[in-house]
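What follows is one structure encoded as structure tokens, with my remarks underneath.
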Amino acid sequence: MLLHLNIQNFAIVRALDIDWRNGMTTITGETGAGKSIAIDALGLCLGDRAVTDVVRPHCKKAELSATFDINNNNIAKQWLEKNDISFEDQECILRRLISAEGRSKAFINGSQVPLAQLKEIGQYLINIHGQHEHQLIVKASQQRQILDDYADHKNLIDTLQYYFKQWQTLNHECNKLQESQSQRNAQRQLLQYQVNELDEFALAEGEFEQLETDYKRHSNSQQLLDISLQALQDLSENEQFNITDSLRTTCEQINHLASLDINIKPLAAQLNESLLQLEDVNSELRHYYERLELDPQTYQIIEERFSTAVQLAKKHHVPPENLTKFHQHLKQELALISGDESRLDNIYQEIETAEANYISSAKALTQSRVSAAKTLSTKITESMRELNMEHGQFQISVTQNENEKLTSHGLDDINFLISLNPGQQLAAMNKVASGGELSRISLAMQVILADKVITPTLIFDEVDVGISGPTAAMVGTKLQQLSANTQVICVTHLPQVASKGHQQLFVTKLTDGEHTETKVTELSNDGRVQEIARLLAGDKITDNSIANAQELLAS
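Taken in order, the sequence shown gives residues 1 to 555; the numbers are from full-length UniProt numbering.
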């Protein structure tokens, strides 16, 4: 429930602190005094859009904060925990700062949050019914919402919307597949040709690198033979002079010197090691030369495959060493396109299944709506007659929409029909009821639906416009009954309603000719008598009006 509201430099309010009680609170005051200013401030704390003129003139910013007791509000506490916002003393404080330039900051329990989060938490804390609420109930969407709220079949709506979204998504996918089918066919033909060509060539992973090495060796085979033979001659096979014999002779000489002088032994060792290495090189080079084959037929095969790989790589604009990876990529693309075609074949069945599930869910929702419509129609008819529409009759019509178009809210057209006079046929509300009558019907609905609302605080902002006399007394009684389980705050101009409050706040507007300021005062018992008498008689309060006021408060 709402505990406290603090307003600083908002509109014509300089500073205002209001403590709210449990039960029913009524707010009264003279016309133009700003009775709804607290409701407007609460709306901003709940995330309403701020306009530039909300800041009091000559002030830099407006500051608004609302404190709520959430001790018994598990949904609000779960939301705070889910969003990692701490709460102490079982309280939730919504705070809003609005600069004169229109910039805004939002806070929950001291943590700065996006404005959208104020709206999210606000729906679990308070529900505001504005004075123009009755204008909405003539709209088809609002009528459907009222019936669904009363029926309390959220699980049916969630199931229907799940299948509707599934059906919608599948149709969107199907349309995209159908639109691109001709383009996909052409692309598939091209890919199939390219993949077949590369399949036929069948270049293995790493094969091109080996082909390149083999091609280079075979194309230079004569040069390899000539140079390796010449190297063998120079190393060991030339009888007149070769490096190996010459080094061996030098080693023998240095070894002899080392036997005479120990200091030269390291050099002798190095020369001996060099001779061994040279002999190893000579042996390996001889083996290489003997194994070097010049097979023209093998060279032709290598040359042809190497050239084909280079040509295919050039054709597909990829490096030859990446041709194998490109081949695999084309195969994947072809598989995806073929998968799209297979998907198109299967998606029709999925759409049919999703539509069947939707229709089944829609029928269950229709049955629930029809059942709830009967009960709600009876209750609203009874409330209309209690609110001085003695011949009133209310009926909710639930029919299937003519074109049977699938929508996110089902297949039903919901229409509120009323009759206000004997013999008068039921007709759409906006064609029969006046503004005052619509206001009373709206209030009746709000009272009936109140127990379906999860918020612990309900605010009625002058919803009793156009009501007077015995009807007003009945409205006051209904709101008071409602406050037995829910905190009710009601801005009103009716003494019959104001007198039903457990707490009454009085709004005044003060001015010194240069500055204007709104004040809100909690009335004492004597103050309430005077204010109720003023509402009854106007500015000239008489003994009779005071007596009437006392009688209203006593009742």
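All residues carry an ideal CB built from backbone N, CA and C; glycine is no exception. Keep in mind the model is a prediction, meaning the values are calculated, not measured.
So what does DSSP say about residue i, is it helix, strand or coil?
i	result
histidine 287	helix
threonine 67	strand
glycine 527	helix
threonine 25	strand
glutamine 253	helix
isoleucine 39	helix
histidine 4	strand
threonine 378	helix
alanine 397	Residue identity check: residue 397 is serine in the sequence provided, not alanine. If DSSP states are grouped into helix, strand and coil, serine 397 belongs with the strands.
glutamine 503	strand
leucine 125	coil
valine 113	strand
alanine 428	strand
aspartate 261	coil
lysine 540	coil
arginine 188	helix
leucine 411	coil
phenylalanine 416	strand
threonine 31	coil
valine 447	helix
isoleucine 98	strand
glutamate 91	strand
phenylalanine 306	helix
threonine 492	coil
lysine 17	Reading off the sequence, residue 17 comes out as aspartate, not lysine. Residue state, collapsed to three classes: strand.
isoleucine 532	helix
valine 318	coil
phenylalanine 10	strand
threonine 516	strand
As a quick exercise: from the options, pick the residue whose alpha carbon is nearest that of residue i.
i	options	result
glycine 423	Ser397, Asn282 and Gly392	Gly392
glutamine 90	Phe68, Val281 and Val318	Phe68
serine 361	Leu80, Leu3, Lys165 and Ala50	Lys165
leucine 443	Gln400, Ile396, Glu386 and Asp412	Glu386
threonine 486	Glu514, Thr457 and Phe506	Thr457
isoleucine 380	Glu390, Ile441 and Ala372	Ile441
valine 398	Lys363, Val507 and Asn155	Lys363
asparagine 9	Gln78, Ile301, Ala309 and Ala41	Ala41
threonine 471	Asn525, Met389, Gly538 and His409	Met389
methionine 384	Ser368, Thr353, Val447 and Ala354	Val447
isoleucine 459	Ala473, Gly501 and Ala231	Gly501
aspartate 526	Phe506, Gly513, Thr511 and His316	Phe506
serine 141	Asp413, Gly538, Ile532 and Leu479	Asp413
asparagine 22	Ser555, Cys174, Ser499 and Val488	Val488
tyrosine 348	Gln168, Gln240 and Asn238	Gln168
alanine 450	Ile302, Leu232 and Ile128	Ile128
lysine 431	Asp226, His515, Lys139 and Ala258	Lys139
With residue i and residue j assumed to form a contact (beta carbons below 8 Å), what rounded beta-carbon distance in angstroms separates them?
i	j	result
valine 529	glutamine 503	With 8 Å as the limit, valine 529 and glutamine 503 do not qualify as a contact, their Cβ atoms being about 15 Å apart.
leucine 438	isoleucine 467	That pair is no contact at about 11 Å.
threonine 39	valine 491	Checking the displayed sequence, the identity of residue 39 turns out to be isoleucine instead of threonine. Indeed they touch by this definition, with Cβ atoms about 6 Å apart.
valine 497	threonine 26	6 Å
glutamine 395	leucine 420	No, glutamine 395 and leucine 420 are not in contact; Cβ-Cβ is about 13 Å, not under 8 Å.
leucine 376	leucine 552	Incorrect: roughly 32 Å between the Cβ atoms, too far for contact.
isoleucine 157	leucine 365	7 Å
alanine 428	asparagine 415	6 Å
threonine 244	glutamate 209	Incorrect: roughly 36 Å between the Cβ atoms, too far for contact.
glutamine 400	leucine 411	5 Å
histidine 153	serine 368	5 Å
glutamate 531	threonine 28	6 Å
threonine 508	alanine 33	6 Å
leucine 235	asparagine 282	5 Å
Please go through the same chain and pick out, in chain order, the residues whose beta-carbon is closer than 6 Å to the beta-carbon of residue i, but skip the five residues on each side of it.
i	result
histidine 327	Leu198
cysteine 251	Leu271, Asn272 and Leu275
alanine 100	Val55 and Lys60
Among residues of its own chain, excluding the 5 on either side of residue i, which ones have a beta-carbon nearer than 7 Å to its beta-carbon?
i	result
asparagine 109	Ile85, Ser86, Phe87, Cys92 and Ile93
alanine 313	Pro319, Pro320 and Leu323
asparagine 171	Ile351
Can we count residue i as close to the ligand MG, meaning its CB is less than 6 Å from some heavy atom?
i	result
arginine 385	This structure lacks the ligand MG; in fact it carries no ligand of any kind.
With a threshold of 8 Å on Cβ separation, who are the neighbours of residue i within its own chain once the five nearest residues in sequence on each side are excluded?
i	result
leucine 224	Arg217 and Leu292
valine 195	His327, Leu330, Lys331 and Leu334
arginine 305	Leu211
asparagine 72	Pro456
alanine 76	Phe68, Ile70, Cys92, Ile121, Tyr124 and Leu125
isoleucine 254	Ile264, Leu267, Ala268 and Leu271
*Given 8 Å as the limit, is there contact between the segment 47 to 66 and the segment 75 to 88, that is, 3 or more CB pairs closer than that?*
Result no; under three Cβ-Cβ pairs closer than 8 Å.
*At least three beta-carbon pairs within less than 8 Å, the segment 114 to 128 to the segment 38 to 55*: Yes: the two stretches touch, three or more of their Cβ pairs being nearer than 8 Å.
*asked:* Under 8 Å: do the segment 506 to 526 and the segment 4 to 23 share three or more Cβ pairs, one atom per stretch?
replied: Short answer: they touch.
*Report yes or no: do three or more beta-carbon pairs, one from the segment 194 to 211 and one from the segment 257 to 265, lie closer than 8 Å?*
The segment 194 to 211 makes no contact with the segment 257 to 265: fewer than 3 CB pairs, one atom from each, lie closer than 8 Å.
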